[in-house]
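In terms of the working numbering, the sequence shown opens at residue 1 and continues consecutively.
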Amino acid sequence: MRTATRLMIAIVPFALAACSEQSEPDQNENMPMASQDMPMNGTMPMDGQMGEAMGQMANAHGTITAIDDVAGTITIDHGPVEAVSWPAMTMAFEADESERKKVKVGDEVTFGFRMSDAGNEITSIENK
Ligand SMILES: [Cu+2]
């Protein structure tokens, strides 16, 4: 009887091993994500504070504090953005007219943006 129980226990690790083998292809699919993280973990160029993050995209949450149709910007009091090592702050983002029309001052939003030398451009924005 005891031998039978031990056999059952011995089989379980093999069953788990089979499961983790099946999940390996998923881990490989995540590889592009890992390489996207590389620039922010890399060495920072001395001649450009944001050079290492150029073109990087990130998502954040925040509250709209201003919309400037002349400048083409939305100012957002946003929370920390881990992907680009930003603390919480209030700042203006470049935003197309279509994005500016979607929101109003006081809205709580989730948004995506792309960093560039011209500024940080909103690529998507929606009310929470
Ligand atoms: Cu900011």
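Every residue, glycine too, gets a C-beta built ideally from N, C-alpha and C. Bear in mind the structure is a predicted one, so any value in this text is a computation, not a measurement.
For phenylalanine 113, the closest alpha carbon among the candidates Lys104, Ala71 and Ala83 is that of Ala83.
Relative to the non-hydrogen atoms of ligand 1, the Cβ of methionine 91 comes within a distance shorter than 7 angstroms of at least one. Remark: C-beta atoms of isoleucine 74 and phenylalanine 93 approach each other more closely than 8 angstroms. In the three-state reduction of the DSSP assignment, serine 124 falls in the strand class.
Assignment of beta-bridge partners to serine 116 by DSSP yields Gly119.
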